[in-house]
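Below is one structure, written out as structure tokens, with a few remarks after it.
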Amino acid sequence: MQRSLIALAANELPKLSAMALRLYAIALATCLAACQELPPLAERTQTTALTSEQARSTQLGAAVAAELATHPDFTGIDPLSNPLDAFASRVALVRSAQRTLDVQYYIWRNDLTGTLLLEELREAADRGVRVRLLLDDNGIPSSLDPTLAALNGHPNMEVRLFNPFVTRKPKAIGFVTDFSRLNRRMHNKSLTADGVATILGGRNIGDEYFGATDGVVFADLDVLAIGPAATDVAHDFDRYWASASSYPASQILPYVAPDALDTLDRAALAARTDPAAAEYIESLRKTTDVRRLLDGTLPLEWAKTQLVSDDPAKAQGTAPKDTLILSQLHEIVGDPHRELDLVSPYFVPGKVGTEYFTRLAAQGVTVRVLTNSLEATDVSAVHSGYARRRVALLEGGVELFELRAAAGANKGTGKGAGSGPFGSSGSSLHAKTFAVDAERVFVGSVNFDPRSANLNTELGLVIDSPVLATQIEKAFWTRVPQLAYQAHLDENGKLYWTRLSDDDTVIRYDTEPNTKWNQRLSVWFFSILPIEWLL
Numbered sequence: 000m001q002r003s004l005i006a007l008a009a010n011e012l013p014k015l016s017a018m019a020l021r022l023y024a025i026a027l028a029t030c031l032a033a034c035q036e037l038p039p040l041a042e043r044t045q046t047t048a049l050t051s052e053q054a055r056s057t058q059l060g061a062a063v064a065a066e067l068a069t070h071p072d073f074t075g076i077d078p079l080s081n082p083l084d085a086f087a088s089r090v091a092l093v094r095s096a097q098r099t100l101d102v103q104y105y106i107w108r109n110d111l112t113g114t115l116l117l118e119e120l121r122e123a124a125d126r127g128v129r130v131r132l133l134l135d136d137n138g139i140p141s142s143l144d145p146t147l148a149a150l151n152g153h154p155n156m157e158v159r160l161f162n163p164f165v166t167r168k169p170k171a172i173g174f175v176t177d178f179s180r181l182n183r184r185m186h187n188k189s190l191t192a193d194g195v196a197t198i199l200g201g202r203n204i205g206d207e208y209f210g211a212t213d214g215v216v217f218a219d220l221d222v223l224a225i226g227p228a229a230t231d232v233a234h235d236f237d238r239y240w241a242s243a244s245s246y247p248a249s250q251i252l253p254y255v256a257p258d259a260l261d262t263l264d265r266a267a268l269a270a271r272t273d274p275a276a277a278e279y280i281e282s283l284r285k286t287t288d289v290r291r292l293l294d295g296t297l298p299l300e301w302a303k304t305q306l307v308s309d310d311p312a313k314a315q316g317t318a319p320k321d322t323l324i325l326s327q328l329h330e331i332v333g334d335p336h337r338e339l340d341l342v343s344p345y346f347v348p349g350k351v352g353t354e355y356f357t358r359l360a361a362q363g364v365t366v367r368v369l370t371n372s373l374e375a376t377d378v379s380a381v382h383s384g385y386a387r388r389r390v391a392l393l394e395g396g397v398e399l400f401e402l403r404a405a406a407g408a409n410k411g412t413g414k415g416a417g418s419g420p421f422g423s424s425g426s427s428l429h430a431k432t433f434a435v436d437a438e439r440v441f442v443g444s445v446n447f448d449p450r451s452a453n454l455n456t457e458l459g460l461v462i463d464s465p466v467l468a469t470q471i472e473k474a475f476w477t478r479v480p481q482l483a484y485q486a487h488l489d490e491n492g493k494l495y496w497t498r499l500s501d502d503d504t505v506i507r508y509d510t511e512p513n514t515k516w517n518q519r520l521s522v523w524f525f526s527i528l529p530i531e532w533l534l
């Protein structure tokens with residue numbers, strides 16, 4: 000009898016174990032799903048941008064009043080391509096604010112420059128400036144949660160998280176149970192002071208975007224803008240601030256005591272005394288573009304400028320197609336008649352984009368694209384989305400340039416970067432811009448890939464400026480051939496690359512330049528997967 004029971008148990012145990020595992024898996028999935036539910040969107044404070052009259056009464060408003068009166072309906076534009084200048088101008092703009100700061104970013108690193116800029120926002124709040132900080136929750140590390148929670152407790156500062164993760168560590172758990180929502184992100188980047196002046200473009204907040212790292216240095220482009228465009232950005236911020244995806248930090252982040260801000264003070268002090276910060280501290284002592292704006296000595300390019308921005312409902316998949324940024328761009332810019340010069344670090348044109356660019360080329364339009372080479376890119380999976388369309392683009396007459404990564408050139412500093420709209424060699428491209436017919440320029444956050452088109456929200460300016468557009472056109476004729484490989488097809492339809500040496504000798508490569516076989520294999524593998532829509 001005992002042996003029969005033992006035999007029965009031996010036979011049934013695997014079945015019971017399998018059943019227990021299934022029940023455990025179901026319970027775990029149910030728990031994860033429950034844990035990932037967002038809290039009800041509680042009553043939020045209702046705040047808006049300053050009125051025109053309020054903006055004019057500020058120091059910034061008074062400083063630019065005469066120029067704006069001289070250029071009615073025009074926006075004053077100042078390009079910021081040098082990373083040190085871009086950092087210092089942000090700090091100077093924060094310090095110049097008297098009433099409001101509206102700050103919106105996709106990525107904010109818990110590093111040297113991220114710490115210094117958070118401390119500047121806190122000090123602005125200390126002197127009575129209303130600070131609204133809206134961050135995409137996918138772009139901030141969990142290590143920043145206590146600091147952001149503490150800043151949110153400041154009486155003059157409010158932090159909101161866009162499309163937040165409920166589980167804070169590790170955030171990746173959220174993608175398991177709520178991928179369709181969390182795959183949509185806010186990619187916008189802007190910093191606006193008193194509704195008068197704004198800085199927007201391609202840069203996030205982090206050491207690599209300001210050249211303060213020994214790793215990748217992103218050649219990037221922002222603009223400082225005053226006038227109607229700055230007003231439009233301030234009101235666009237209101238849309239995102241009040242959107243259904245914008246959650247008060249107090250609903251998402253664990254509570255911290257008010258004295259937690261002491262930690263930020265100590266981190267900022269350590270950052271200021273860090274030898275790695277020397278160039279950045281020195282840049283703050285110099286005369287920045289914002290200071291020249293205040294004293295009336297900053298030369299500006301005055302131009303008709305239009306804001307393009309996704310409806311924040313795009314983050315929930317409910318925005319009408321005609322409110323999406325690519326539809327707005329096409330409506331404003333139209334189709335090029337002579338020339339299209341496009342700069343995009345993550346260029347994934349897909350089938351539709353490839354057909355569009357090759358159709359333009361067939362109509363006699365010069366189409367030139369600068370993107371990252373495989374050796375320079377920081378996302379090889381995205382490079383695969385470009386690589387799979389490369390031959391078709393070249394066959395269709397599109398000119399393709401791939402930025403090189405010259406080892407050691409200017410890395411870790413801002414020196415030499417920014418001479419021209421694409422920064423220096425030795426950089427990974429991160430600027431997002433294009434010029435049409437040497438007449439109009441776009442500067443903003445848009446990558447020409449399916450993610451920017453369909454999943455992420457984006458922001459930018461279309462600037463009617465032959466001066467700025469011609470600068471980009473000239474760069475393609477002069478600097479780009481010096482900084483990039485050019486892709487070609489031989490008589491047999493096989494890819495090869497060329498670049499110019501220092502003495503203008505043409506050097507040829509028959510495989511992707513300066514890459515290893517496993518890098519190329521990885522790109523090939525990703526290119527055969529059905530993931531192009533995610534890139």
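Quick note on numbering: numbering that gives the first Met the number 0 labels position 267 of the sequence shown as 266, and the sequence is numbered without any gaps. Beta carbons: idealized from backbone N, C-alpha and C, even for Gly.
Do Val479 and His382 have their CB atoms nearer than 8 angstroms?
Walking along the sequence shown from the start, residue 479 turns up at place 480. Walking along the sequence shown from the start, residue 382 turns up at place 383. No, these two residues do not count as a Cβ contact at 8 angstroms.
Looking at the structure shown, is Arg167 part of a helix, part of a strand, or coil, going by DSSP?
Numbered from its first residue, the sequence shown carries residue 167 at position 168. In the structure shown, the three-state DSSP call for Arg167 is coil.
Residue(s) in a DSSP beta bridge with Glu398
The residue given as residue 398 occupies position 399 in the sequence shown. Glu398 is bridged to Arg367.
So, at 6 angstroms on beta carbons, what are the nonlocal neighbours of Thr191 in its own chain, with the 5 sequence-adjacent residues on each side left out?
The residue you call residue 191 lines up with position 192 of the sequence shown. Result list for Thr191: Asp101, Thr197, Val232, Ala233, in chain order.
Classify Val289 as helix, strand or coil using the three-state DSSP reduction.
Within the sequence shown, the letter at position 290 stands for residue 289. Residue state, collapsed to three classes: helix.
What does DSSP give as the partner residue(s) for Glu42 in the beta ladder?
For this step, residue 42 is matched to residue 43 along the sequence shown. Note: Glu42 sits in no beta bridge, so no partner.
Beta-carbon contacts of Leu22 that lie in its chain and below 8 angstroms, excluding the five residues immediately before and after:
Start at 1 with the first residue of the sequence shown, and residue 22 comes out as number 23. Any reading at Leu22 must be qualified, since the residue scores a pLDDT of 46, below 50, and its modelled position is unreliable; no value is offered.
Within 10 angstroms of the Cβ of Gln103, are there 16 or more other Cβ atoms? Answer buried if so, exposed if not.
Translated into positions along the sequence shown, residue 103 becomes position 104. Its Cβ being crowded by 16 or more others within 10 Å, Gln103 is buried.
Among Trp496, Asp503, Ser500, the one whose alpha carbon lies nearest that of Asp509
As a working note, residue 509 is residue 510 in the sequence shown. Looking at the Cα atoms, Trp496 is the closest of the given residues.
Between the beta-carbon of Asp144 and the beta-carbon of Pro253, is there less than 8 angstroms?
Within the sequence shown, residue 144 is the residue found at index 145, counting from 1. Within the sequence shown, residue 253 is the residue found at index 254, counting from 1. A distance below 8 angstroms separates the beta carbons of Asp144 and Pro253.
Under 8 angstroms between the Cβ atoms of Val222 and Asp77?
By 1-based counting over the sequence shown, the position of residue 222 is 223. By 1-based counting over the sequence shown, the position of residue 77 is 78. Result yes, Cβ atoms of Val222 and Asp77 sit closer than 8 angstroms.
Entirely within the stretch 430-495 and at least 4 residues each: give me those alpha helix (DSSP H) ranges in chain order.
465-476, 478-482
CA-CA distance, Arg108 and Ile204?
Here residue 108 is taken as the residue at index 109 of the sequence shown, counted from 1. Here residue 204 is taken as the residue at index 205 of the sequence shown, counted from 1. Roughly 6 angstroms between the two C-alpha positions.
Boundaries (first-last residue) of the alpha helix (DSSP H) holding Val332:
Residue numbering aside, residue 332 sits at position 333 when the sequence shown is read from its first letter. Taken as a continuous stretch (DSSP letters only), the alpha helix (DSSP H) holding Val332 covers 324-332.
Compute the distance between the beta-carbons of Ala430 and Val366, then report whether it is under 8 angstroms.
The residue you call residue 430 lines up with position 431 of the sequence shown. The residue you call residue 366 lines up with position 367 of the sequence shown. Taking 8 angstroms as the Cβ cut-off, Ala430 and Val366 do not qualify as a contacting pair.
Mind checking who Glu300 pairs with in its DSSP beta bridge?
Numbered from its first residue, the sequence shown carries residue 300 at position 301. DSSP lists Ile76 as partners of Glu300.
Between Phe356, Thr322, Thr296, Ala224, which has its C-alpha nearest Asp193's C-alpha?
Working through the sequence shown from its first residue, we reach residue 193 at position 194. The candidate whose alpha carbon is nearest that of Asp193 is Ala224.
Continuous beta strand (DSSP E) stretch holding Ala224: start and end
Position 225 of the sequence shown, counted from the start, is the residue given in the question as residue 224. Counting along the chain, the beta strand (DSSP E) containing Ala224 begins and ends at 221-225.
Whose C-beta lies closer than 6 angstroms to the C-beta of Thr114 among residues of the same chain, with five residues either side of it excluded?
In the sequence shown, residue 114 corresponds to position 115, counting from 1. If we look at Thr114 and ignore the five residues flanking it on each side, its Cβ neighbours are Ala266, Ala267, Ala270.
Distance between Pro319 and Trp532 (C-alpha atoms, nearest Å):
Counted from its first residue, the sequence shown places residue 532 at position 533. Counted from its first residue, the sequence shown places residue 319 at position 320. Their Cα atoms are separated by approximately 19 angstroms.
Out of Thr74, Pro39, Ala64, Ala68, which one is the CA nearest neighbour of Leu304?
To locate residue 304, count along the sequence shown from 1; it is residue 305. According to the sequence shown, residue 304 is Thr rather than Leu. Selection Thr74, Pro39, Ala64, Ala68 evaluated against Thr304 yields Thr74 as nearest (Cα-Cα).
Using three-state DSSP, classify Ile508 as helix, strand or coil.
In the sequence shown, residue 508 corresponds to position 509, counting from 1. Looking at the sequence itself, residue 508 is Tyr, so the reference to Ile does not match. Tyr508 falls in the strand class under three-state DSSP.
Count the other C-beta atoms from every protein chain shown that fall within 10 angstroms of the C-beta of Gly384, then say buried if there are 16 or more, exposed otherwise.
Taking the first residue of the sequence shown as position 1, residue 384 is located at position 385. Classified as buried, Gly384 has 16 or more neighbouring CB atoms from the shown chains inside 10 Å of its CB.
Between the CA atoms of Val368 and Arg126 - distance to the nearest angstrom
Translated into positions along the sequence shown, residue 126 becomes position 127. Translated into positions along the sequence shown, residue 368 becomes position 369. Cα-Cα distance, rounded: 46 angstroms.
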